[in-house]
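Peer 1:
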Amino acid sequence: MAQAKYTTHLGMVDILPDEIRKWHYLENLIHEEAAKFNFEEIRTPIMEQTELIVRGLGQLSDIVSKEIFSFSRGEDNYVLRPELTAPVVRAYIQNHLDQRGGSQKLYYMGPMFRAERPQKGRQRQFHQFGLEVLGSSDAVADVEIIAFMIHICDKIGIKNTTLKLNSIGNPESRNSYKEALKTHLKPNFEKMSEVSQKRFEKNPLRILDSKEEEDQPFIESAPVITDFLSDESFSHYNKVKEYLADLEIPFEEDPYLVRGMDYYTETAFELISPDLGAQDALAGGGRYDLLVEEIGGQPTPAVGFAAGMERLFIACEELGIELGSEKKVDVYIVTLGEAARKWGVAQLPKIREKGLSATMDYKGRSMKAQMKDANRENAQFAIIVGENELNEGKFTFRDMKESEEELLTMDDIIKNLSVI
RNA sequence: GAGCCCGUAGCUCAGUAGGUUAGAGCGCCAGGUUGUGGCCCUGGAGGCCGGGGGUUCAAAUCCCCUCGGGCUCCCCA
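The letter at position 386 of the first sequence is residue 386 when you use my numbering, and the numbering goes up by one with no holes.
1) Within its chain, find whatever has a CB closer than 6 Å to the CB of M1; leave out the 5 residues flanking it on each side and keep chain order.
2) Of all the alpha helix (DSSP H) runs that stay within the bounds of the stretch 328 to 376, which reach a length of 4 or more residues?
3) Look at the Cβ atom of G285, then the Cβ atom of G304, and state whether they are nearer than 8 Å.
4) Roughly how many angstroms separate the alpha carbons of T359 and E326, rounded to a whole number?
5) Return the first residue and the last residue of the beta strand (DSSP E) that M309 is part of.
6) Based on Cα-Cα distance, which residue from L348, E338, E377 and E353 lies nearest to G468?
7) Going by DSSP, name the residue or residues bridged to E135.
8) Could you check the C-alpha separation between H418 and S167 for me, to the nearest Å?
9) Of all the options L356, Q347 and Q370, which has the alpha carbon lying nearest to the alpha carbon of D411?
10) Within 10 angstroms of its Cβ, does D18 collect 16 or more other Cβ (buried), or is it exposed?
11) In the DSSP assignment, find the unbroken beta strand (DSSP E) run with S72 in it and report its ends.
12) Considering Q99, what are the terminal residues of the alpha helix (DSSP H) in which it resides?
13) With burial defined as no fewer than 16 other Cβ atoms inside 10 Å of the residue's Cβ, what is the status of V140: buried or exposed?
14) If you draw a straight line from the alpha carbon of R341 to that of K5, how long is it in whole angstroms?
15) Can you check whether the CB of F129 is closer than 8 Å to the CB of M309?
16) Give the DSSP-derived three-state secondary structure of T162 in the structure shown.
17) Name the two residues that bound the continuous alpha helix (DSSP H) containing E232.
18) Pairing CB atoms from the stretch 117 to 127 with CB atoms from the stretch 50 to 62, are three or more of them under 8 Å?
19) Since R287 and Y256 should fall inside the 8 Å C-beta cutoff, what is the C-beta to C-beta distance between them, to a whole number of angstroms?
20) Helix, strand or coil: which one does DSSP assign to A268?
21) Which of the three DSSP states is assigned to D411 in this structure?
22) Per DSSP, what kind of secondary structure is M109 in: helix, strand or coil?
23) So what does V385 bridge to, in DSSP terms?
24) Return the Cβ separation of A306 and L282 in integer angstroms, given the expectation that the two are a contact with Cβ distance under 8 Å.
25) For I152 and L29, which I take to be in contact (beta-carbon distance under 8 Å), what is that distance rounded to the nearest angstrom?
26) How is G296 classed by DSSP in three states: helix, strand or coil?
27) What whole-angstrom Cβ distance do L131 and F269 have, given they're in contact under 8 Å?
28) Run through the DSSP bridge pairs and tell me what Y177 is partnered with.
29) Distance, Cα to Cα, K239 vs R376?
30) Can you grab the Cα-Cα spacing for the pair G58 / A86, in whole Å?
31) In three-state terms, what does DSSP make of Q380?
32) Where do the N-terminal and C-terminal ends of the alpha helix (DSSP H) with D399 fall, by residue?
33) Please report the distance separating the alpha-carbon of T300 from that of R55.
34) Distance check for T161 and L271, CA to CA, integer angstroms please.
35) Is the stretch 99 to 109 close to the stretch 213 to 232, with three or more CB pairs under 8 Å?
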């Protein structure tokens, strides 16, 4: 077990060839579907300034207070990105993307880093993809974002998800709600769990998230944030629900859904899967109308979401869904002897030119070993060449699936291959 | 930061009243078939039994420490 001298860091894993095909599948799917939604990809650096993340997500958020990988070099503070909303907003401001006109519809995918204790569905380096719409306050934007998220799950075959929806309004209504909540909880402060007591002053909304037994009675009787929404927030929320209904996207209102980052406003949502175990969030997001300004841009309404790619794979596994195609190669050239080998290497490019994949043995092994290898590589055809073939100028062209073969000139073989 | 569980071949795992050269299946390599894969048969390679210390005539097995991993709480993707 402890053979390898060097290993990956805790919570960071290699993605090996045997599992890469499902990654390619998902990545391609996201590119294709995002294009259909008319979103454009944006790629930002893996590292950002620490200050951006701290300001963006909030000093008190769990991510910033205990989960970021950061270091400094000279005057500069670096942080490995823990999420991509703040960096995308940074890029939006820095590159004046608002000047492209209209709403900016952006998507991304890539690795994120959080220094947490790993467990099922949670790694220190993990991958997300996400969409962001900058410059629209319209409920259509919220709904398109949600629709995309669900669309991807549908395409993959993950259908038993639950969309949880809430609105946390603007900061004013949220503050008055906080006060009401505190007034409600205060008489029972002593009876609440330790964690909840700690949250009471700094972030009472999070108490609603508590899973502690002793907190439940107080949570159930607590006032509901949607009763505190401004007229504007209320009508925005209603439109979101209306449009979702029009799209026949089922959702579950959860007045206690509160998300971790400080930048969220108005609509908040999460996509939950029962197949994930303890970490059941497949994706999450919401509106962040104040973030652009907070980071130094013009006031710009925005909405987005991020989904965990590894979590999608876990859900697939639980559901018995296999993503990606089988490993295969179109042609395997089996050679006997040095002259045949020399001939074989020269044929590979001719086959590849036709848009097919081709390979041969790299180890100079026996014919049997080469045939075995061709089988393992899931080759569709084998071209077998030895002295006889070289002398006659006709080569054994074998269909590996049908176990049928015939002698053909290389030109005829290429012709045959062109039709498959 | 806290709790629970687990470390024996590349993988999945057998192997304790402590006892000579540590096993199986799969995978890998080779042979059976000196020019034909998938099935079958035979053989081979591959382990300081995670590491260190202790008890003992004797430790994969018992004790202590340590490292690594998994899961859970918190929180999130």
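Backbone N, C-alpha and C fix where the C-beta goes; we use that ideal spot for every residue, glycine too. Just so we're clear, the structure is a prediction, and the values are computed from it rather than from any experiment.
Peer 2: Walking through what the data contain:
1) For the purposes of this step, residue 1 is taken as the residue at position 1 of the first sequence. The predicted position of M1 is uncertain, since its pLDDT is 35 and thus under 50; a value taken from the coordinates is nonetheless stated next. There are no such residues.
2) For the stretch 328 to 376, whole alpha helix (DSSP H) runs of length 4 or above, ordered along the chain, are 338 to 353 and 367 to 376.
3) The residue you call residue 285 lines up with position 285 of the first sequence. The residue you call residue 304 lines up with position 304 of the first sequence. Taking the C-beta atoms as reference points, G304 is found nearer than 8 Å to G285.
4) If you number the first sequence from 1, residue 359 lands on position 359. If you number the first sequence from 1, residue 326 lands on position 326. Answer to the nearest angstrom: the Cα atoms are 17 Å apart.
5) Along the first sequence, read from residue 1 onward, the residue named residue 309 stands at position 309. Where M309 is concerned, there is no enclosing beta strand (DSSP E), although the alpha helix (DSSP H) it sits in stretches over M309 to L319.
6) Nothing in the structure corresponds to residue 468, since the chain is present only between 1 and 420.
7) The residue given as residue 135 occupies position 135 in the first sequence. The sequence shown places Gly at residue 135, not Glu. Answer is none; G135 lacks a bridge partner.
8) The count along the first sequence starts at 1 and reaches residue 418 at position 418. The count along the first sequence starts at 1 and reaches residue 167 at position 167. Here residue 418 turns out to be Ser, not His, going by the sequence shown. Each residue's alpha carbon lies about 57 Å from the other.
9) Taking the first sequence and counting its residues from 1, the one referred to as residue 411 is at position 411. Per the Cα distances, Q347.
10) The residue labelled residue 18 in the question sits at position 18 within the first sequence. It counts as exposed.
11) Within the first sequence, the letter at position 72 stands for residue 72. Counting along the chain, S72 sits inside the beta strand (DSSP E) bounded by residues S70 to R73.
12) For this step, residue 99 is matched to residue 99 along the first sequence. Where Q99 is concerned, there is no enclosing alpha helix (DSSP H), given that its DSSP letter is neither H nor E.
13) Position 140 of the first sequence, counted from the first residue, corresponds to residue 140. Residue burial is scored here from C-beta neighbours: V140 has fewer than 16 other C-beta atoms within 10 angstroms and is therefore classed as exposed.
14) By 1-based counting over the first sequence, the position of residue 341 is 341. By 1-based counting over the first sequence, the position of residue 5 is 5. Looking at the two C-alpha atoms, the distance is approximately 38 Å.
15) Here residue 309 is taken as the residue at index 309 of the first sequence, counted from 1. Here residue 129 is taken as the residue at index 129 of the first sequence, counted from 1. For M309 and F129, yes; Cβs fall inside 8 Å.
16) By one-based count along the first sequence, residue 162 stands at place 162. Per DSSP, reduced to three states, the secondary structure at T162 is strand.
17) Sequence index remark: in the first sequence, residue 232 carries index 232 (1-based). First-last of the alpha helix (DSSP H) with E232: D231 to D246.
18) No, because fewer than three Cβ pairs between the stretch 117 to 127 and the stretch 50 to 62 fall closer than 8 Å, the two stretches do not touch.
19) Position 287 of the first sequence, counting from 1, holds the residue named residue 287. Position 256 of the first sequence, counting from 1, holds the residue named residue 256. Rounded, the Cβ-Cβ distance is 18 Å, inconsistent with contact.
20) As a first step, residue 268 must be located in the first sequence, where it is residue number 268. Here A268 sits in strand by DSSP.
21) As a first step, residue 411 is located in the first sequence; it is residue number 411 there, counting from the start. Helix, per DSSP.
22) Looking up residue 109 in the first sequence gives position 109. When secondary structure is reduced to three states using DSSP, M109 falls in the strand class.
23) Here residue 385 refers to the residue found at position 385 when the first sequence is read from its first residue. V385 is bridged to T335.
24) Position 306 of the first sequence, counted from the start, is the residue given in the question as residue 306. Position 282 of the first sequence, counted from the start, is the residue given in the question as residue 282. That pair is no contact at about 10 Å.
25) Translated into the one-based positions of the first sequence, residue 152 becomes position 152. Translated into the one-based positions of the first sequence, residue 29 becomes position 29. Indeed they touch by this definition, with Cβ atoms about 7 Å apart.
26) Taking the first sequence and counting its residues from 1, the one referred to as residue 296 is at position 296. DSSP places G296 in coil when its eight states are reduced to three.
27) Indexing the first sequence from 1 puts residue 131 at position 131. Indexing the first sequence from 1 puts residue 269 at position 269. Between F269 and L131 the Cβ distance is about 13 Å, and since that is not below 8 Å, they are no contact.
28) Here residue 177 is taken as the residue at index 177 of the first sequence, counted from 1. Bridge partners of Y177: none, in fact.
29) As a first step, residue 239 must be located in the first sequence, where it is residue number 239. As a first step, residue 376 must be located in the first sequence, where it is residue number 376. About 56 Å.
30) Counting from 1 along the first sequence, the entry for residue 58 is found at position 58. Counting from 1 along the first sequence, the entry for residue 86 is found at position 86. For the pair G58 and A86, the Cα-to-Cα distance works out to about 11 Å.
31) In the first sequence, the residue the question calls residue 380 occupies position 380. Correct three-state label for Q380: strand.
32) Here residue 399 is taken as the residue at index 399 of the first sequence, counted from 1. No alpha helix (DSSP H) holds D399; the beta strand (DSSP E) holding it covers F395 to D399.
33) The count along the first sequence starts at 1 and reaches residue 300 at position 300. The count along the first sequence starts at 1 and reaches residue 55 at position 55. Taking the straight line from one Cα to the other gives about 16 Å.
34) The residue labelled residue 271 in the question sits at position 271 within the first sequence. The residue labelled residue 161 in the question sits at position 161 within the first sequence. A direct Cα-to-Cα measurement between L271 and T161 gives close to 7 Å.
35) No, they do not touch.
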